[in-house]
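Have a look at the structure below, then the notes.
There are 2 protein chains.
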Amino acid sequence: MTQKSPVKQGSRAASPRKASIRRQNQAVILAAAEDVFAERGYAGASMSEIARRADLPKANLHYYFGTKEELYRAVLDDILTAWRHDMDGFRSDADPKQAVSAYIRLKLDFSHRRASGSKVFANEIIHGASVLGDALGDLVRAGIAGKDKVVDEWVTKGLIAPVDGRHFFIMLWAMTQHYADFEVQIRKVLGKEALTEADWREIAIQVETFVLRALCLPV
Amino acid sequence: MTQKSPVKQGSRAASPRKASIRRQNQAVILAAAEDVFAERGYAGASMSEIARRADLPKANLHYYFGTKEELYRAVLDDILTAWRHDMDGFRSDADPKQAVSAYIRLKLDFSHRRASGSKVFANEIIHGASVLGDALGDLVRAGIAGKDKVVDEWVTKGLIAPVDGRHFFIMLWAMTQHYADFEVQIRKVLGKEALTEADWREIAIQVETFVLRALCLPV
DNA sequence: GTCTATATATCGATAGAC
DNA sequence: GTCTATCGATATATAGAC
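These protein sequence lines map, in sequence, to chains A and B. Per this note's numbering: the first sequence = residues 8 to 226. Per this note's numbering: the second sequence = residues 8 to 226.
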C-alpha cells in the first residue's frame, strides 16, 4: 500500500526531503478539511472544495488519505489529540479555585482558537457519533480521566459546594464549547458584527464568575 | 404555482376533506424530516430516506414542499415557532428563583422532548446559519425578548448576584441544549445505555442547583 | 392527489500519462 | 509525487400515467 514508488529506494526514512513534503501536504490538507467539514458538515463537504481550499488537485487528497472518511477520521483524531492535554490542572491536591479558573480559560481559549475543530466534533456528536462509534467511550474516559472523582473529593472535604463531578464537567464543556460552536448566535445576542479579543476576555470573566459562584468559591 | 389541479374547483377552502389530508400529510412529512435532518444533517439527509420514514412516495414530498431546502425551512420554522412561547415566566415583578427554576425545567423538558428539532437548529447555527441568514437576528431578538433587561434589573435591585443578562441566557441555553444535543456523549459520561425519565429529573436538579447557586439564590 | 420511471447533476474515487 | 480525464454511484427533481 505504501510501495507505490516506481523506483526502488531503501525506505521512506531514507528520503527526508520527500517525507517533509508529505508531512507538509498532509498538514495543509488537514487544515483545509477541518474548515470545510466545520462549515458544511461531513456529507455537505466535498473533496473538490477541500482540494480548492488546500490549493492542491483533488487526486492528491486521495493519494494522501485514501477516502473521504479516512480524511474525516484524521481531522477528528487531530482535534482530539490536542484536547487530551487540557485536564492536567485537576489533581486532588490542587487548589480548587486555581484549577477551575485555569481549566475554564484553557477550554475557552482552545474552543476559540480551534473553532473549526470544535465544530467538527460537535457535529459528530450531534449526529450520534456514527463515525467515532465505540471509540467515543474511550475518548470520554480519557477526556474526563477520573477528574470527576477529584471534584467529588473536594465536595466531601467541604472545599466546594455539593455538585456531581460528572455533571460539573458536562456543564463546563457545555458553556465553553457553546461560545465557539454557536458564535453566529452569540454575536446576534451581544449585538456585535464580530467577536474581538476583548469580547473573549469578557466571556471568560462571565463564565468564570458564574462557575466559581456556583461552587461557592470566592470570585 | 398552487393551481396545479387539472379540474377547476371553487377554492381550497371549499374542500375541507382534502385540506385535512393535506395538513396531515404535511405533519407526517415534517416529523420524518425533522428526525432525518437531525441524524444526518442537511446535506446528508436524502429525500428518499425522509419519504421512507414518512411511509410516502418520494414524489409526494416534492408535491407538498417543492424542494429539499423548502422542506428544511419548514422544519426550522416549526421548531422555532414552538420555542417562541418559552420565556413568559420572565417578568420583572416575578420572583427570581421561581422564574429561573421554571425556565430551566421548561427548556430542559423541551430539549428532551423535541431532541431532533433541537439538533436541527444546533446544526444550522454551527454551520453559520446559512439558511436562516438574516432572519436569525430577528429570531434571537424574539427569543430573548428583552428578558436580559429583567435580569439586569434584578441585579440592580440586589435580588441576585451580579451577572450580565445576555451572558446569563447564553449560559442557560448552552446547558439546557447541550444535554439534548450531545446526548450520546452524556450517556458515555454517566455510563448509561439510555437516559431514563429519572435521569432527566436528576439532570434538571443538577442544572437548577448549579444556576441558582451561581445567582446566590436559595437552593 | 398518488406513484413509477427517468432526466440531469454532482460527487467520490481511480486510471494512466507525466 | 502530480494532475487530467473519466467511470460509476447516488441524489434531486420532474414528467406523465393513473
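Cβ atoms here follow ideal geometry from the backbone N, Cα and C, with glycine treated the same way.
Inset, instruction - For A26/B, count neighbouring C-beta atoms within 10 Å of its own C-beta (all shown protein chains included) and say buried if the count is 16 or more, exposed if not. - result: Counting from one through the second sequence, the residue named residue 26/B turns up at place 19. Flag for A26/B reads exposed.
Legend entry - Closer than 9 Å to chain A by CB, D188/B: Counting from one through the second sequence, the residue named residue 188/B turns up at place 181. It does; some Cβ of chain A falls within 9 Å.
Legend entry - Exposure of S105/A, with buried meaning 16 or more beta-carbon neighbours within 10 Å: Here residue 105/A refers to the residue found at position 98 of the first sequence. Note on identity: in this sequence residue 105/A is Gln, with Ser being the wrong assignment. That one is exposed.
Legend entry - Identity of the residue in E215/A, V138/A and L197/A nearest D116/A by Cα: Numbered from its first residue, the first sequence carries residue 116/A at position 109. It is E215/A whose Cα lies nearest to the Cα of D116/A.
Legend entry - Cα-Cα separation, E41/B to A122/B: Within the second sequence, the letter at position 34 stands for residue 41/B. Within the second sequence, the letter at position 115 stands for residue 122/B. Spanning the two alpha carbons is a distance of roughly 10 Å.
Inset, instruction - Return helix, strand or coil for H92/A, following the three-state DSSP convention. - result: As a position in the first sequence, residue 92/A is number 85, starting the count at 1. In this structure, H92/A counts as helix in the three-state DSSP scheme.
Inset, instruction - Please go through the same chain and pick out, in chain order, the residues whose beta-carbon is closer than 6 Å to the beta-carbon of E56/B, but skip the five residues on each side of it. - result: Here the question's residue 56/B lines up with position 49 in the second sequence. Hits under 6 Å: V43.
Inset, instruction - Take every Cβ of the region 219–226 of chain B, pair it with every Cβ of the region 167–183 of chain B, and state whether three or more of those distances are shorter than 8 Å. - result: yes
Inset, instruction - Tell me, please, whether the CB atom of K126/A is closer than 9 Å to any CB atom in chain B? - result: Locating residue 126/A in the first sequence gives position 119, where the first residue counts as 1. With 9 Å as the cut-off, K126/A counts as an interface residue toward chain B.
Inset, instruction - Assign T88/B to buried or exposed, taking buried as 16 or more other Cβ atoms, counted over all protein chains shown, within 10 Å of its Cβ. - result: For the purposes of this step, residue 88/B is taken as residue 81 along the second sequence, with counting starting at 1. Exposed: under 16 other Cβ atoms inside 10 Å.
Legend entry - Under the three-state DSSP convention, the category V226/B falls into: The residue given as residue 226/B occupies position 219 in the second sequence. Residue state, collapsed to three classes: coil.
Legend entry - Run of the alpha helix (DSSP H) containing G150/A, from where it starts to where it stops: Here the question's residue 150/A lines up with position 143 in the first sequence. From DSSP, the alpha helix (DSSP H) with G150/A extends over A142 to I151.
Inset, instruction - Take A81/A and list the residues in its own chain whose beta-carbon comes closer than 7 Å to its own, dropping the five residues that flank it on each side. - result: As a first step, residue 81/A is located in the first sequence; it is residue number 74 there, counting from the start. Contacts found: L37 and F72.
Inset, instruction - Drop a sphere of 10 angstroms on the beta-carbon of H92/B, count the other beta-carbons inside from all chains shown, and report buried for 16 or more, exposed for fewer. - result: Stepping through the second sequence from its first residue, residue 92/B is reached at position 85. By the 10 Å Cβ count, H92/B comes out exposed.
Inset, instruction - Within its chain, find whatever has a CB closer than 8 Å to the CB of P225/A; leave out the 5 residues flanking it on each side and keep chain order. - result: Locating residue 225/A in the first sequence gives position 218, where the first residue counts as 1. Cβ neighbours of P225/A beyond the five flanking positions: K104 and L219.
Legend entry - Cβ pair count under 8 Å reaching 3, the region 124–143 of chain B against the region 52–70 of chain B: no
Legend entry - Chain-ordered chain B contacts of G48/A [CB-CB under 8 Å]: Along the first sequence, read from residue 1 onward, the residue named residue 48/A stands at position 41. The answer, in chain order, is G48, Y49, A50, G51, N130 and H134.
Legend entry - the region 200–214 of chain A in contact with the region 156–168 of chain A per 3-pair CB rule at 8 Å: no
Inset, instruction - Could you tell me if R47/A is buried or exposed, where buried requires 16 or more neighbouring beta carbons within 10 angstroms of its beta carbon? - result: Taking the first sequence and counting its residues from 1, the one referred to as residue 47/A is at position 40. R47/A should be labelled buried.
Inset, instruction - For V157/A, I'd like the list of residues in its chain whose CB is within less than 6 Å of its CB, leaving aside the five on either flank, ordered along the chain. - result: Locating residue 157/A in the first sequence gives position 150, counting from the first residue. For V157/A, where only same-chain residues beyond five positions count, the Cβ hits under 6 Å are F97 and S99.
Inset, instruction - Could you name the residues of chain B that H174/A contacts, counting a contact when the two beta carbons are closer than 7 Å? - result: In the first sequence, residue 174/A corresponds to position 167, counting from 1. Residues of chain B passing the Cβ test: Q213.
Inset, instruction - Taking K104/A as the query, report the chain B residues whose CB atoms sit under 8 Å from its CB, ordered along the chain. - result: Here residue 104/A refers to the residue found at position 97 of the first sequence. Those do not exist, as K104/A stays about 15 Å from chain B at its closest Cβ, beyond 8 Å.
Legend entry - Rounded separation between D84/B and Y110/A - CA only: Position 77 of the second sequence, counting from 1, holds the residue named residue 84/B. Position 103 of the first sequence, counting from 1, holds the residue named residue 110/A. In a straight line, the C-alpha of D84/B is about 38 Å away from that of Y110/A.
Legend entry - Counted within 10 angstroms of its Cβ, other Cβ atoms place E190/B as buried (16 or more) or exposed: The residue given as residue 190/B occupies position 183 in the second sequence. Buried, by the Cβ-count rule.
Inset, instruction - Could you tell me whether any Cβ in chain B is nearer than 9 Å to the Cβ of D171/A? - result: Against the first sequence, residue 171/A aligns to sequence position 164. At a cut-off of 9 Å between beta carbons, D171/A contacts chain B.
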